[in-house]
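Quick mapping for you: the protein sequence lines, in order, are chains A and B.
The opening residue of the first sequence carries number 1 in my numbering; numbering runs sequentially from there.
The opening residue of the second sequence carries number 1001 in my numbering; numbering runs sequentially from there.
As structure tokens, the structure follows; a few thoughts come after it.
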Amino acid sequence: MIRRHEDIIIESLARFLTPFIQAFALYVLFLGHYSPGGGFQGGVLMGASFILLVIAYDIIEGKRRITEKFNIVLNATGVMVFSGTGLLCLILGGEFLDYSQLAAILPVGPEEARGLGILAVEIGVEITVAAIMVSIFLDLASAGEHEEALK
Amino acid sequence: MKTLDIIGWFAVLTTGALLIYGTAEMPNWGDPNSPPSTHVSPRYIEKADEETHTPNMVTAVLADYRGYDTMGETTVIFTAGVSCMMLLRRRQGK
């Protein structure tokens, strides 16, 4: 199981790198409009930044940053953001996931509204992928026991 | 076990031969007259930027034209994570 080794070099380096990895994850998410990138890739990077913390420290330290309940909520939030965007288009009078209808509530034309709709669903994908990566990693690495495995 | 081995090899080789036979009728690589390149692809290439204001055509197709498909993909990832949690996670104090 993942035990803490108290290695100051690894721990400080992981703590130093994490914000840069997370900033890069957001960069990849927003760059998805212009070049390769998007929600799936950004989400994996975002999840990896947290997994790095768990590897460098241990599960207890990692769970202090993102509790299990909060992670489960995040899992569902991403799917909800995606389908909620689609449902919003349905409520505004269009078809499901027809983002041009979002122009009714945004101060932009229907074409820009489609671009913003794409961004909204990519953010939803990113949230779900990041949270699911973390939850699958924690379950597999500790055989489902989480901090109990350290005792 | 020996009979099962023979049946397994037979099934694998037959399926492989059928798949290779099927590739003989596939269009050439990059053929502009092949069915995938003539149906909706030119429409996406011509209109994606002006219709969605997204310079990256792949993102426009992935999240806008085929948005329903991507929603399914996200749901698949969500389901995989939840199944993993239900199968592996154990309650504390057991």
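Glycine is no exception: its CB is placed at the ideal position from the N, C-alpha and C atoms.
Query	Result
Buried or exposed by the 16-neighbour rule on C-beta atoms within 10 Å, applied to A/ILE136	buried
Which of helix, strand or coil DSSP assigns to A/ALA149	helix
Residue range of the alpha helix (DSSP H) that includes A/GLN22	8–31
Contact under 7 Å by Cβ, B/HIS1053 with A/GLU111	yes
Option in A/GLU6, A/GLN41, A/ILE10, A/ALA14 with minimal Cα separation from A/MET133	A/GLN41
Interface residues of the stretch 1078–1093 of chain B facing chain D [CB-CB below 9 Å]	Within the model displayed, chain D is absent; protein chains A and B are what it includes.
Proximal residues of chain A, C-beta to C-beta of B/GLY941 below 7 Å	Residue 941 of chain B cannot be examined here, being either before or after the span of chain B that is shown, 1001 to 1094.
Range of the contiguous alpha helix (DSSP H) that encloses B/VAL1058	1057–1060
Partners in chain A for B/TYR1068, counting only beta-carbon separations shorter than 9 Å	GLY86, PHE96, LEU97
Neighbouring residues, chain B, relative to A/VAL79 (Cβ below 9 Å)	MET1071, THR1074, THR1075, ILE1077, PHE1078
Below-7 Å beta-carbon distance, A/GLY93 vs any chain B residue	no
Where A/ILE132 falls: helix, strand or coil (DSSP)	helix
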